[in-house]
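Visitor:
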Amino acid sequence: MIPSSLSTTSRLCTLAASLALVALAGCSSTRSSVSPQDDHAKMQLPPGWTEADMQTCMVAGTPGKMHEQMNKGAGTWRGDQTMWMGPGTEPMKTQCTSTVIPMMDGRFTKCEVSGEMPGMGPFNGFGLTGYDNVQQKFVGTWVDNCGTGIWNGTADMSPDGKTMTWNYQGMCPLTKKMTTMREVQRLTGDDTMTMEIFLTDPKSGKEYKAMHTDFTRTSS
C-alpha cells in the first residue's frame with residue numbers, strides 16, 4: 071500500500087502536470103496562434119514549485135519510445151490456445167480473439183479478450199497496459215469473468231524489443247494469499263506472437279505452465 075503522504079504527493083504532481091499540459095499543449099486544432107511559452111507565462115506555479123519541478127512532471131506524463139513500441143501491438147488478434155488446469159493434467163484446446171486499442175493519446179492500450187473456457191462456458195477478459203516513465207517499467211492490470219479480483223503487474227522488455235516478461239500478483243482463492251502469474255510474450259513476426267502463462271500450483275507451491283497461445287493479427 072502506498073503511504074498517504076506519497077499518495078497525496080503523487081496525485082498533486084499528476085494534477086499539476088495535467089493542468090500544465092492543458093495550459094501548454096491544449097487542443098492542437100485550436101492553438102495555431104498561441105505559443106506554449108505564452109501560456110506558460112500566464113500560469114502560476116503551486117507554492118514551493120519551481121520551473122524544473124513542473125518540467126519533471128511534464129516529462130513524466132509525455133509518451134515516448136516505449137509507448138510507441140507498446141502501441142505496435144494494436145489490432146485484432148486470433149489466438150489458438152492450449153491450457154492446463156494444473157501440473158500433469160491433460161491439455162485442452164480452444165480459441166480466442168484479442169482486440170488491442172491505444173487510448174489516452176497513446177499512453178495506454180486496452181485489451182479485450184473473448185473466447186470459450188473448456189467445460190466452463192464463455193470467457194471475457196479486460197487488460198489495461200501502459201509504460202510508467204517514472205518507474206521505467208511497463209505496468210498493467212487484468213480482470214476477467216473467472217474471478218472478482220484485480221491482477222496488477224509490471225514488465226520489462228528485452229533489448230531487441232521482441233520479448234515482454236510480466237509478473238502479476240493477485241489473490242489465490244484457495245490459500246487466501248497473494249500469488250504470482252508470470253506471462254511471457256514473444257513477437258515471432260510482424261503479425262504473429264506467442265504468449266505463455268505460468269501459474270503457481272496452490273497445492274505444491276511450484277510454478278507450472280498453464281497456457282500457451284499462438285496469436286495471428288487479422289486486422290490493424
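Residue 71 is where the sequence shown starts when you use our numbering, and the numbers rise one by one after that.
Virtual Cβ for every residue (Gly too), placed ideally from N, Cα, C.
Since we're looking at a predicted model, the values are computed, not measured.
Determine the closest residue to M227 out of Y201, G240, I220 and P243, with distance taken between C-alpha atoms.
Guide: By 1-based counting over the sequence shown, the position of residue 227 is 157. Across the set Y201, G240, I220 and P243, the C-alpha of Y201 shows the shortest separation from the C-alpha of M227.
Visitor: Can you check whether the CB of M153 is closer than 8 Å to the CB of M265?
Guide: Reading the sequence shown from its first residue, position 195 is the one you call residue 265. Reading the sequence shown from its first residue, position 83 is the one you call residue 153. Not in contact: M265 and M153 (Cβ atoms no closer than 8 Å).
Visitor: Please work out which residues of its chain come closer than 6 Å, Cβ to Cβ, to A144, disregarding the five sequence neighbours upstream and downstream, and give them in chain order.
Guide: Reading the sequence shown from its first residue, position 74 is the one you call residue 144. Within the same chain, A144 has close Cβ partners V170 and P172.
Visitor: Pull up the distance between the alpha-carbon of Q125 and that of T211, whole angstroms please.
Guide: Within the sequence shown, residue 125 is the residue found at index 55, counting from 1. Within the sequence shown, residue 211 is the residue found at index 141, counting from 1. Near 28 Å, if we compare the C-alpha coordinates of T211 and Q125.
Visitor: My output table needs one value for R287: the three-state DSSP class, helix, strand or coil.
Guide: Counting from 1 along the sequence shown, the entry for residue 287 is found at position 217. The answer is strand: DSSP assigns R287 an E or B state.
Visitor: Output the residue ranges of the beta strand (DSSP E) runs that lie fully inside the region 170 to 236 and measure 3 residues or longer, sorted by chain position.
Guide: 178 to 187, 191 to 202, 207 to 214 and 221 to 227
Visitor: If you drop the 5 nearest sequence neighbours on each side, which residues of the same chain put their C-beta closer than 8 Å to that of D271?
Guide: Taking the first residue of the sequence shown as 1, we reach residue 271 at position 201. If we look at D271 and ignore the five residues flanking it on each side, its Cβ neighbours are G156, P157, E277 and Y278.
Visitor: Measuring only the C-alpha atoms, how far is T146 from L244?
Guide: Indexing the sequence shown from 1 puts residue 146 at position 76. Indexing the sequence shown from 1 puts residue 244 at position 174. If you take the alpha carbons of T146 and L244, they lie about 34 Å apart.
Visitor: Just to confirm, is the Cβ distance from R148 to T288 under 8 Å?
Guide: Position 78 of the sequence shown, counting from 1, holds the residue named residue 148. Position 218 of the sequence shown, counting from 1, holds the residue named residue 288. Yes, Cβ-Cβ distance for R148 and T288 is below 8 Å.
Visitor: Report the rounded CA-to-CA distance for K163 versus V254, giving the unit in angstroms.
Guide: Along the sequence shown, read from residue 1 onward, the residue named residue 163 stands at position 93. Along the sequence shown, read from residue 1 onward, the residue named residue 254 stands at position 184. Spanning the two alpha carbons is a distance of roughly 19 Å.
Visitor: Quick one, are the C-beta atoms of G185 and C166 less than 8 Å apart?
Guide: By one-based count along the sequence shown, residue 185 stands at place 115. By one-based count along the sequence shown, residue 166 stands at place 96. Cβ distance < 8 Å, so G185 and C166 count as in contact.
Visitor: Who pairs with M263 in a beta bridge, going by DSSP?
Guide: Stepping through the sequence shown from its first residue, residue 263 is reached at position 193. By DSSP's assignment, M263 forms a beta bridge with L257 and F285.
Visitor: So, for Y238: in the same chain, excluding its five sequence neighbours on each side, which residues have a beta-carbon less than 8 Å away from its beta-carbon?
Guide: The residue you call residue 238 lines up with position 168 of the sequence shown. Within the same chain, Y238 has close Cβ partners G210, W212, W221, N222, G223, T250, M251, R252 and E253.
Visitor: In this structure, how does DSSP classify A144 when only helix, strand and coil are distinguished?
Guide: The residue given as residue 144 occupies position 74 in the sequence shown. Three-state DSSP puts A144 in coil, outside helix and strand.
Visitor: Contact defined as beta carbons within less than 8 Å: I believe D52 pairs with T283. What is the distance between those atoms, to the nearest angstrom?
Guide: Lying before the first or after the last residue shown, residue 52 is absent from the chain, which here runs from 71 to 290.
Visitor: What does K279 pair with, by DSSP beta-bridge criteria?
Guide: One-based indexing of the sequence shown puts residue 279 at position 209. F268, per the DSSP bridge assignment.
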